[in-house]
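Residue numbers (the working numbering): 667 to 952.
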């Protein structure tokens with residue numbers, strides 16, 4: 667969609683924002699910043715239209731602080747009840763669904779938590795302890811680190827690395843991608859089309875792929891799943907999955923303004939990508 671600098675289209679009063687807009691720098695201007703510009707422009711247009719039509723101004727309703735406090739209390743009580751019921755990170759409903767998934771594992775897997783004294787590490791410890799208690803197909807161990815990047819490394823049953831490391835607490839939209847990563851390592855794994863398998867086989871050079879994501883991102887799971895599926899298939903491909911809120915230095919280093927962001931070497935790729943596109947990127951580096 668073509669817009670002017672105020673994000674207004676050729677239709678007066680109609681604004682656009684996000685990836686549908688033409689951008690001078692690919693993905694550098696995020697949907698969030700576009701939305702902010704669009705919102706301000708739309709507000710100006712609405713105010714001008716109100717003045718032109720001589721419409722009355724309506725006072726904004728006051729914030730109901732009591733209602734907000736009641737909602738906050740309700741949320742805290744719900745969290746407390748979940749903790750008392752032993753649900754923690756994983757609800758009872760999800761636990762039941764996972765039983766069927768674990769039954770399909772051909773082998774067991776191990777989770778190796780690389781942790782320090784950071785808040786992320788504290789959450790990783792709790793998650794691994796709770797998750798491994800769901801099945802005898804998943805075990806975990808802790809590796810105390812100093813100066814490294816906290817994360818959960820997925821290992822094969824014999825303790826060899828799978829090449830997949832989650833520098834994040836698997837949750838939100840990324841919980842399913844984490845379960846799929848375990849399934850891909852334990853076997854049989856997600857089925858691959860013959861042409862996709864052939865592309866993955868053509869990857870000639872070892873690759874370290876970083877995926878920067880957020881747990882609230884709806885496009886990120888597709889990219890994460892694609893990258894970790896390739897890593898599970900190829901021993902010379904490593905997939906590091908980062909929750910960007912815990913790694914501001916990475917965000918600053920690569921000037922990342924939107925997720926998902928795939929980093930291969932020093933090259934950045936933004937937006938949703940399926941497994942064939944990721945494979946093509948890795949093949950082209952040979």
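Every residue, glycine too, gets a C-beta built ideally from N, C-alpha and C.
In chain order, 672, 673, 674, 681 place their CB closer than 8 angstroms to the CB of residue 707, counting only its own chain and leaving out the 5 sequence neighbours on each side. Annotation: residue 933 to residue 713 spans about 44 angstroms, alpha carbon to alpha carbon.
Contact annotation, residue 773 with residue 823: C-beta distance approximately 4 angstroms; criterion of less than 8 angstroms satisfied. When rounded, the separation of the alpha-carbon atoms in residue 855 and residue 818 is 19 angstroms. Of all alpha-carbon atoms in 912, 807, 870, the one lying nearest the alpha-carbon of residue 833 is that of 912. For residue 875, the enclosing beta strand (DSSP E) begins and ends at 873-879. Look at the segment 775-808 and you find these whole runs of alpha helix (DSSP H), each 4 residues long or longer: 785-798. With contacts defined as CB atoms closer than 9 angstroms, residue 765 and residue 800 qualify as a contacting pair. In this structure, the CA atom of residue 916 is about 17 angstroms from the CA atom of residue 881.
Straight across, the Cα-Cα distance linking residue 846 with residue 668 is about 39 angstroms.
By the neighbour-count criterion, in which 16 or more other beta carbons inside 10 Å mark a residue as buried, residue 909 falls on the buried side.
In this structure, the straight-line span from the alpha carbon of residue 844 to that of residue 875 is close to 16 angstroms. Within the DSSP secondary-structure output, residue 905 pairs in a beta bridge with 830, 875. Around the beta carbon of residue 895, 16 or more other beta carbons lie within 10 angstroms, which makes this residue buried. When the Cα atoms are used, residue 754 and residue 949 turn out to be separated by approximately 42 angstroms.
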